[in-house]
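Student:
2 protein chains.
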Amino acid sequence: MSAPDPVVGDLTEGEVLTRILGRLAPSRALLGPGDDAAVLAAPGGRIVASVDTLVHGPDFRLAWSSAKDLGWKAAAVNLADIAAMGARPTALLVALAMPDHTPVSFVEGIADGLRAGCDELAPGAAVEGGDLTVSDTLTIAVTALGVLDGTAPVTRRGARAGDVVAVCGELGKAARGLAILFDRFRVDGRPVAVASLTEADAALVGAQLRPRPPIAAGAVAASHGATAMMDVSDGLALDAGRLARASDVTLELQTDAIGPEPGIALAGGEDHALLATFPAAVGPAPGFRVIGRVGAAGDHPLLVDGKPYDGYGGWDPYRDWDAVSG
Amino acid sequence: MSAPDPVVGDLTEGEVLTRILGRLAPSRALLGPGDDAAVLAAPGGRIVASVDTLVHGPDFRLAWSSAKDLGWKAAAVNLADIAAMGARPTALLVALAMPDHTPVSFVEGIADGLRAGCDELAPGAAVEGGDLTVSDTLTIAVTALGVLDGTAPVTRRGARAGDVVAVCGELGKAARGLAILFDRFRVDGRPVAVASLTEADAALVGAQLRPRPPIAAGAVAASHGATAMMDVSDGLALDAGRLARASDVTLELQTDAIGPEPGIALAGGEDHALLATFPAAVGPAPGFRVIGRVGAAGDHPLLVDGKPYDGYGGWDPYRDWDAVSG
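Taken in sequence, the protein lines are chains R and D. 40 is the number that my numbering gives to position 40 of the first sequence; each next residue is one higher, with no gaps. Just so we're on the same page, my numbering is the position in the second sequence counted from 1, plus 1000.
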């Protein structure tokens, strides 16, 4: 325990926990970490809850991500799910399963990243509970909780023909960053030295490793009158198709409105932009840009420039993950 | 996908999810599974939240546990954390990470066990959200949420000198069941055929594989006036010591009150009994039995029959887990 860089197997669970708690933001809960459960305020008598997991291999690689990157990303992707309901995130619960040879400094880095992600993306949200356990596979499962400030939750089911389709946030940057990482990795077969990247490429890699979903825009969209909303985690095409099917409508997107690289935006996820629909008379909420309109249900849930979208539809963990080739 | 027993790698995430959702109880939430997040009722404006993880290896073995056992246990241990705050569980969120060679029937068994555990231990609670991902290590992280029906949360910190110490539920049965499993496993080196066990041993193994924490007793204790409470997950001695330190008191237990095998009860966890303190004038809540009293803080947080407890103090995942010997 006096080693310069101890591993979690050298410490008791309580000692590891103490190191983590010392790095998190002060609790904002009615009762924070340290008991059997946290007690959180739920003004309005409702709470919004979601869980998402990052697993070493399918979801991240330690060759690319620092511990702080991982903590940040685990916070960001879960905060985005709460924002996508039109809610304001208030708390994270973090289940961290890790090999006993994991350096304690790595765990501390995850805690730093969780804190930084909450502080920068969703001020007011903090880690309010969690669980530590041993596993051969480093796994971070985060539950995010949030509150609805007087608005109804915005589901995927409320889009109506005639609405405008709009997004807030980046589309495709994280996918471009991932492509850079894969490309470099295949060339060298070893970790990518981010310092060797051009500034532009480094920004794209940063978008992959530390995505910045527009968390506050979720509640803004809800109070503006969004009829449907979700976060784009698996690519605009796949997720727009999901929203269209859930609402029983057609989403009709225009590539010239999507941006300069619509193909990447349509196929690539992980920026966690917010995709929402608004009544045409109301128009998009501040920060959102219109990328299309909602039509009546037809043979295809998604039309791009008037044609059925037939490109690669995004990431599915069971179809797409291959432990050998990555 | 037409295979008689497909594995999750044969199906899309959506197809696996559909199979799971079909086996869960109908949603009781304001908005259940299928969107970015669930929306749950939080009457009284507060919610109680906890997370706990079961990992293949340290926390369970597929040689011993069926899929339904695992689902049950994942529900039970998390429901117990909510009960231990004096709250009534309302919802579970389940993050399931599994190898892509996992049979779909196994995933369905986990869903069945989650449902059965909720239905039998905490009627009114149901799985209201979750996440599926691929991992080399089968991992089930469950977040449990609950509500306080007008009472204050019961923490570990409220025990006062003069209170009685009481428990509700089993102490040591799960540990005895685990000893039977280890013993048989060491003799044969292969899975334990539960049918070959005596009825008494099978009951103990059942207590290990499908614990039955007294979930409803948590809210009963809260309304009865419990001053402190926690669930016994790591052995009575270790957990009583934690409660004593949190409350800055001494817990003074009597072995003749603990039961016929106090050594096992003190050292063995995993029954998830509720340990609580009550003012002497009020006495224990219905269903609780007195096992000692609370004294002023002294040199030792835990006295057993008047002496400092120096036995093995319970399970710590970092200190005790050894992937080779188990």
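Heads up, the beta-carbon is just placed ideally off N, CA and C, and yes, glycines get one too. Computed from a prediction, not measured in an experiment: that's the story for all the values here.
In chain order, what residues of the stretch 1133-1165 of chain D put their CB closer than 7 Å to some CB of chain R?
Tutor: Under the 7 Å Cβ criterion, the stretch 1133-1165 of chain D contributes Thr1133, Val1134, Ser1135, Asp1136, Thr1137, Thr1139, Ala1141, Thr1143, Leu1145, Pro1153, Thr1155, Arg1156.
Student: With a threshold of 8 Å between beta-carbons, can threonine 53 of chain R be considered close to chain D, or not?
Tutor: At least one chain D Cβ lies under 8 Å of threonine 53 of chain R.
Student: Since phenylalanine 278 of chain R is in the beta strand (DSSP E), which residue starts that stretch and which ends it?
Tutor: Segment 273-278, the beta strand (DSSP E) holding phenylalanine 278 of chain R.
Student: Sorted by chain position, which residues of the same chain lie with C-beta nearer than 7 Å to isoleucine 1264 of chain D's C-beta, five sequence neighbours on each side aside?
Tutor: Correct list, in chain order: Gly1172, Ala1175, Arg1176.
Student: Do valine 154 of chain R and alanine 226 of chain R have their beta-carbon atoms positioned less than 8 Å apart in this structure?
Tutor: Contact: yes.
Student: Give the secondary structure of glycine 283 of chain R by DSSP, where H, G and I count as helix, E and B as strand, and everything else as coil.
Tutor: Coil.
Student: Identify every run of the beta strand (DSSP E) within the stretch 160-220 of chain R, keeping only runs that are complete inside it and at least 3 residues long; order them along the chain.
Tutor: Within the stretch 160-220 of chain R, the complete beta strand (DSSP E) runs of at least 3 residues are 164-168.
Student: Cβ atoms of alanine 91 of chain R and alanine 125 of chain R: under 8 Å apart, would you say?
Tutor: Yes, these two residues count as a Cβ contact at 8 Å.
Student: In the DSSP assignment, what are the bridge partners of threonine 139 of chain R?
Tutor: According to DSSP, threonine 139 of chain R bridges with R/Val55, R/Ala97.
Student: If contact means a Cβ-Cβ distance below 8 Å, which residues of the stretch 100-127 of chain R contact chain D?
Tutor: The residues in question are Asp100.
Student: Are there 16 or more other CB atoms within 10 angstroms of the CB of alanine 203 of chain R, so buried, or fewer, so exposed?
Tutor: So alanine 203 of chain R counts as exposed.
Student: So is glycine 130 of chain R in contact with chain D if we call contact Cβ pairs under 8 Å?
Tutor: Yes - at least one Cβ of chain D is within 8 Å of the one on glycine 130 of chain R.
Student: Between which two residues does the beta strand (DSSP E) harbouring glutamate 1128 of chain D extend?
Tutor: Per DSSP, glutamate 1128 of chain D belongs to the beta strand (DSSP E) from 1126-1134.
Student: Using DSSP with H/G/I as helix, E/B as strand and the rest coil, what is proline 262 of chain R?
Tutor: Proline 262 of chain R: helix per DSSP, three-state reduction.
Student: Per DSSP, what kind of secondary structure is alanine 1084 of chain D in: helix, strand or coil?
Tutor: Alanine 1084 of chain D falls in the coil class under three-state DSSP.
Student: Measure the C-alpha to C-alpha separation of glycine 298 of chain R and glutamate 252 of chain R and round it to an integer number of angstroms.
Tutor: Computed Cα separation, rounded: 11 Å.
Student: Within the continuous beta strand (DSSP E) that includes alanine 297 of chain R, where are the two ends?
Tutor: First-last for alanine 297 of chain R: undefined, no H or E at that position.
Student: Which chain R residues sit within Cβ distance under 7 Å of leucine 1031 of chain D?
Tutor: Per Cβ cutoff of 7 Å: Pro153, Thr155.
Student: Which partner residues does lysine 307 of chain R have in the DSSP bridge list?
Tutor: R/Val304.
Student: Under the rule that 16 or more other beta-carbon atoms within 10 Å means buried, what is glycine 44 of chain R, buried or exposed?
Tutor: Exposed, by the Cβ-count rule.
Student: Enumerate in chain order the residues of its own chain whose CB-to-CB distance from alanine 257 of chain R is below 7 Å, with the five nearest sequence positions on each side excluded.
Tutor: Excluding sequence neighbours, alanine 257 of chain R sits near Val290, Ile291, Gly292.
Student: Touch check for the stretch 1075-1093 of chain D and the stretch 32-48 of chain R: three-plus C-beta pairs under 8 Å?
Tutor: Taking 8 Å as the limit for Cβ pairs, the verdict is that the stretch 32-48 of chain R does touch the stretch 1075-1093 of chain D.
Student: Relative to chain D, which residues along the stretch 208-219 of chain R have a C-beta separation below 7 Å, given in chain order?
Tutor: Cβ contacts with chain D come from no residue of the stretch 208-219 of chain R.
Student: For glycine 1306 of chain D and glycine 117 of chain R, what's the separation of their Cα atoms in angstroms?
Tutor: Cα-Cα distance, rounded: 50 Å.
Student: Below 8 Å on the Cβ atoms is my guess for glutamate 1270 of chain D versus proline 1211 of chain D; work out the distance and round it to an integer in Å.
Tutor: Their Cβ separation, rounded to whole angstroms, is 6 Å, which keeps glutamate 1270 of chain D and proline 1211 of chain D in contact under 8 Å.
Student: Quick check: what's the CA-CA separation for leucine 132 of chain R versus serine 1050 of chain D?
Tutor: Using only the alpha carbons, I get a separation of about 12 Å.
Student: One question on the structure: do leucine 243 of chain R and alanine 161 of chain R come within less than 8 Å of each other, judged by their Cβ atoms?
Tutor: No. Outside cutoff.
Student: Buried or exposed: glutamate 1199 of chain D, going by 16 or more other Cβ atoms within 10 Å of its Cβ?
Tutor: Classification of glutamate 1199 of chain D: exposed, given that the 10 Å Cβ count is below 16.
Student: Is leucine 79 of chain R helix, strand or coil by DSSP?
Tutor: Helix.
Student: Counting contacts by CB-CB distance shorter than 8 Å, is serine 50 of chain R in contact with chain D?
Tutor: Taking Cβ atoms only, chain D reaches closer than 8 Å to serine 50 of chain R, which makes this a yes.
Student: Where glycine 268 of chain R and valine 205 of chain R are concerned, what is the direct C-alpha to C-alpha distance, given to the nearest angstrom?
Tutor: About 14 Å.
Student: Going by C-alpha to C-alpha distance, which of R/Gln208, R/Arg156, R/Ser196 sits closest to methionine 249 of chain R?
Tutor: Looking at the sequence shown, residue 249 of chain R is not methionine but valine. Ranking the options by Cα distance to valine 249 of chain R, first place goes to R/Arg156.
Student: How big is the Cα-Cα spacing for threonine 143 of chain R and alanine 1207 of chain D?
Tutor: If I take the Cα positions, the gap works out to 29 Å.
Student: So, at 7 Å on beta carbons, what are the nonlocal neighbours of proline 1286 of chain D in its own chain, with the 5 sequence-adjacent residues on each side left out?
Tutor: Taken in chain order, the residues that qualify are Val1220.
Student: Hey, could you find the ends of the beta strand (DSSP E) aspartate 349 of chain R is sitting in?
Tutor: Any answer about residue 349 of chain R is impossible in this case: the structure gives chain R only from 1 up to 326.
Student: Using a Cβ-Cβ cutoff of less than 8 Å, which residues in the same chain neighbour alanine 1296 of chain D once the five nearest sequence positions on both sides are dropped?
Tutor: So the list reads Ala1161, Val1249, Thr1250, once near-sequence residues are dropped.
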